[in-house]
Amino acid sequence: MPTDTVQPLARPSALGGTMIIAGTAVGAGMFSIPVVTAGVWFSGSLALLVYTWACMLLSGLMIMEATLNYPAGASFHTTVKDLLGKGWSTLNGIAIAFVLYILTYAYISAGGSIVAHTFAGAINANQAACGLVFSCVVGFIVWLSTRAVDRLSTILIGGMAISFVMSVGDMFTQVQPAILFNHSDSHAHYLPYAWVALPYLLASFGYHGNVPGLVKYYHKDSGTIARSLLYGTLLALAIYILWQYVIQGNITRSAFKQVIAEGGNIGSLLQQMGNVANDHTVRQSLNTFSYMALASSFLGVALGLFDYIADFLKFSDSPAGRGKSVMVTFIPPTLAALLFPDGFLYAIGFAGLAATVWAVITPALMARASRRRFPQAPYRTPGGGFAILLVLLFGGINAAAYLLALSGLLPVFK
Numbered sequence: 001m002p003t004d005t006v007q008p009l010a011r012p013s014a015l016g017g018t019m020i021i022a023g024t025a026v027g028a029g030m031f032s033i034p035v036v037t038a039g040v041w042f043s044g045s046l047a048l049l050v051y052t053w054a055c056m057l058l059s060g061l062m063i064m065e066a067t068l069n070y071p072a073g074a075s076f077h078t079t080v081k082d083l084l085g086k087g088w089s090t091l092n093g094i095a096i097a098f099v100l101y102i103l104t105y106a107y108i109s110a111g112g113s114i115v116a117h118t119f120a121g122a123i124n125a126n127q128a129a130c131g132l133v134f135s136c137v138v139g140f141i142v143w144l145s146t147r148a149v150d151r152l153s154t155i156l157i158g159g160m161a162i163s164f165v166m167s168v169g170d171m172f173t174q175v176q177p178a179i180l181f182n183h184s185d186s187h188a189h190y191l192p193y194a195w196v197a198l199p200y201l202l203a204s205f206g207y208h209g210n211v212p213g214l215v216k217y218y219h220k221d222s223g224t225i226a227r228s229l230l231y232g233t234l235l236a237l238a239i240y241i242l243w244q245y246v247i248q249g250n251i252t253r254s255a256f257k258q259v260i261a262e263g264g265n266i267g268s269l270l271q272q273m274g275n276v277a278n279d280h281t282v283r284q285s286l287n288t289f290s291y292m293a294l295a296s297s298f299l300g301v302a303l304g305l306f307d308y309i310a311d312f313l314k315f316s317d318s319p320a321g322r323g324k325s326v327m328v329t330f331i332p333p334t335l336a337a338l339l340f341p342d343g344f345l346y347a348i349g350f351a352g353l354a355a356t357v358w359a360v361i362t363p364a365l366m367a368r369a370s371r372r373r374f375p376q377a378p379y380r381t382p383g384g385g386f387a388i389l390l391v392l393l394f395g396g397i398n399a400a401a402y403l404l405a406l407s408g409l410l411p412v413f414k
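Residue numbers for the sequence shown, in the UniProt record's numbering: 1 to 414.
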């Protein structure tokens with residue numbers, strides 16, 4: 001299949017793409033990281049985070065590598081079907097649609113809850129109605145353009161950085177090495193709890209649905225796209241490490257048993273953090289940070305689903321065509337959020353295995369097939385065949401861990 005010739009057009013800088021990638025990855029799900037890594041604790045969580053980051057960066061670069069061989073605007077449906085065949089394309093299509101739709105539903109549900117909570121003192125806010133308003137606002141932004149999402153994501157990441165510093169700054173200075181390294185329990189076991197944490201960490205580096213859109217946005221400039229992926233995922237990794245340092249350096253490992261017993265939700269963790277901070281301003285900053293983390297992640301996920309739908313259904317990039325894509329993207333999850341407004345945590349959990357298929361295993365298979373089909377392609381993901389094997393192994397481990405955890409066959413810290 002012929003490739004597009006890259007024209008010497010003025011291109012946006014890597015900053016916007018970096019913010020889209022980081023904003024998609026760093027969402028409300030980051031509040032689950034200290035909880036699911038309570039078993040392996042701080043040192044173990046750092047190793048797992050770096051391992052997951054490296055594999056998820058490679059898989060994103062592999063999507064870019066394959067997509068660069070196709071006309072700008074092509075997404076997974078186009079590249080997977082041509083490279084891996086109709087059967088795998090169908091499986092991948094089910095996986096990607098399931099993950100993106102269920103995450104879109106989850107963020108509409110959570111967004112409705114946040115909006116209702118925010119305005120509870122001023123108006124009689126209904127959570128389902130707030131979710132509808134939240135969905136319409138985000139849908140309008142996505143309909144406008146990728147650049148609109150780029151700019152708003154940049155603003156949200158800036159706001160997240162400010163509220164993050166304000167909320168954890170005081171706690172940062174209070175980190176206790178004895179808590180951070182669990183000195184009080186010299187007989188603690190950590191490694192057995194590593195497996196159950198991996199699928200959650202994989203979800204925390206999910207941005208892959210945005211890669212084909214960035215290929216189009218940057219006019220197939222592989223260098224700028226690769227820098228966006230690298231810087232965006234590194235920013236997410238840095239935020240997660242700082243987050244782990246502050247949370248697991250202030251809240252004891254044993255205290256997480258209560259958080260886990262209460263379902264591991266955001267409110268339980270915020271309550272523990274509030275008990276440590278004991279300051280109204282810090283608690284307000286934590287709430288602001290959680291709102292912005294949710295909004296930035298929702299924008300990125302919705303944009304990825306929008307691009308996928310537009311390519312799959314062959315909708316044009318005209319205002320009318322984008323309107324059709326927005327309706328197919330947002331109406332089903334919005335209806336689900338109206339009918340089941342409290343399904344955020346359940347939805348995040350159900351997305352795990354499908355994400356392993358399309359965000360890890362499929363990209364590795366695409367890269368292998370692409371190299372056979374286009375041996376003279378100008379870009380190849382670093383690491384050669386070893387990188388493909390590394391990513392496939394990572395996907396296999398995560399899939400096995402998810403299924404074993406679902407069956408209750410893995411040890412869980414509680």
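Cβ coordinates follow ideal geometry from the N, Cα and C atoms, glycine included.
Give every residue of the same chain whose Cβ lies closer than 7 Å to the Cβ of residue i, excluding the five residues on either side of it in the sequence, and list them in chain order.
i, result
"Leu61", "Ala226, Leu229, Thr381"
"Ile157", "Met19, Ala22, Gly23, Ser296"
"Gly169", "none"
"Tyr107", "Leu294, Ser297, Phe298, Val301"
"Ile397", "Leu198"
"Ala399", "Leu353, Thr356"
"Ile155", "none"
"Leu83", "Ala66, Met366, Ala369, Ser370, Arg373"
"Ala351", "Val99, Ile102, Leu103, Ala203"
"Val215", "Met64, Thr67, Leu68, Ala72, Ile225"
Report the residue from the options whose alpha carbon sits nearest the alpha carbon of residue i.
i, options, result
"Ala401", "Tyr193, Ala129, His77", "Tyr193"
"Leu270", "Ser135, Asn287, Ala261", "Asn287"
"Gln376", "Gly44, Pro199, Glu65, Thr90", "Glu65"
"Phe394", "Val360, Ile241, Leu403, Gly384", "Val360"
"Val40", "Leu83, Asn182, Ala95, Gly73", "Asn182"
"Thr233", "Ser318, Phe256, Leu202", "Leu202"
"Ser45", "Leu392, Ala364, Tyr245, Gln284", "Tyr245"
"residue 441", "Pro341, Gly304, Trp88", "Because the chain is modelled from 1 through 414, residue 441 falls outside the range shown and cannot be assessed."
"Met166", "Ala336, Thr356, Trp243", "Trp243"
"Ile309", "Leu48, Thr37, Ser75", "Ser75"
"Phe134", "Ser145, Met160, Val115, Phe42", "Val115"
"Ser290", "Met160, Ala320, Phe386, Lys324", "Met160"
"Phe205", "Gly85, Ser186, Lys216, Ile239", "Ile239"
"Cys136", "Leu335, Asp317, Ile96", "Leu335"
"Ser318", "Ala47, Ser145, Val36, Gly87", "Ser145"
"Met273", "Phe164, His187, Leu313", "Phe164"
Ignore the nearest five residues each way along the sequence and tell me which others in residue i's own chain have a CB closer than 6 Å to its CB.
i, result
"Asn92", "Val80, Trp358, Thr362"
"Gly16", "Asp150"
"Arg322", "Trp143"
"Ala347", "Ile102, Tyr105, Ala106"
"Met1", "Residue placement at Met1 cannot be trusted, given a pLDDT of 45 that sits under 50; the coordinates are not used to answer."
"Ile247", "Pro34"
"His189", "none"
"Arg373", "none"
"Val412", "Val196"
"Val36", "Ala197, Tyr200"
Just confirm the distance between the C-beta atoms of residue i and residue j, as a whole number of angstroms; I'd bet it's less than 8 Å.
i, j, result
"Ile141", "Leu299", "7 Å"
"Ser222", "Leu68", "6 Å"
"Ser59", "His208", "7 Å"
"Ala369", "Ile388", "Not confirmed; about 10 Å, so no contact."
"Pro341", "Gly131", "6 Å"
"Ala337", "Ala148", "With a Cβ gap of about 23 Å, Ala337 and Ala148 do not count as contacting."
Note down, in chain order, each residue of its chain lying with its Cβ closer than 8 Å to the Cβ of residue i, except the 5 sequence neighbours on either side.
i, result
"Val50", "Leu237"
"Gln176", "Gly249, Asn250"
"Lys414", "Lys257, Ile260, Ala261"
"Ser89", "His77, Val80, Lys81"
"Asn210", "Ile20, Ile21, Thr24, Gly300, Leu303, Gly304, Asp307"
"Leu191", "Val40, Gly44"
"Leu178", "It is worth fixing the name first, because residue 178 is Ala in this sequence and not Leu. Hits under 8 Å: Ser184."
"Gln7", "Confidence is the limiting factor: at Gln7 the pLDDT is only 48, short of 50, which leaves the residue's position unreliable, though a coordinate-based value still follows. Same-chain partners within the cutoff: His219."
Locate the alpha helix (DSSP H) running through residue i, then write down its first and last residues.
i, result
"Lys257", "256-261"
"His189", "Segment: none, His189 is in no alpha helix (DSSP H) and carries neither H nor E."
"Arg151", "146-172"
"Ser13", "No alpha helix (DSSP H) holds Ser13; DSSP gives it neither H nor E."
"Asn126", "Per DSSP, Asn126 belongs to no alpha helix (DSSP H) and is neither H nor E."
"Thr37", "No alpha helix (DSSP H) holds Thr37; DSSP gives it neither H nor E."
"Phe312", "280-312"
"Gln244", "222-248"
"Gly396", "384-406"
"Tyr379", "Looking at the DSSP string, Tyr379 is not in any alpha helix (DSSP H), and its letter there is neither H nor E."
"Pro411", "Where Pro411 is concerned, there is no enclosing alpha helix (DSSP H), given that its DSSP letter is neither H nor E."
"Val211", "211-217"
"Met30", "Counting along the chain, Met30 falls outside any alpha helix (DSSP H), and DSSP gives it neither H nor E."
"Ser318", "Run containing Ser318: none; DSSP gives neither H nor E here."
request  = Determine, using beta-carbon pairs with one atom in the segment 106-115 and one in the segment 282-299, whether at least three such pairs fall under 8 Å.
outcome  = The way I'd put it, the segment 106-115 does touch the segment 282-299; three or more beta-carbon pairs between them come closer than 8 Å.
inquiry  = Assess contact between the segment 51-66 and the segment 325-344, defined as three or more Cβ pairs (one per stretch) separated by less than 8 Å. Is contact present?
reply    = By the criterion of at least three beta-carbon pairs nearer than 8 Å, the segment 51-66 is not in contact with the segment 325-344.
task = Check whether the segment 170-178 touches the segment 23-37, taking contact to mean three or more Cβ pairs, one atom from each stretch, closer than 8 Å.
result = These segments do not touch.
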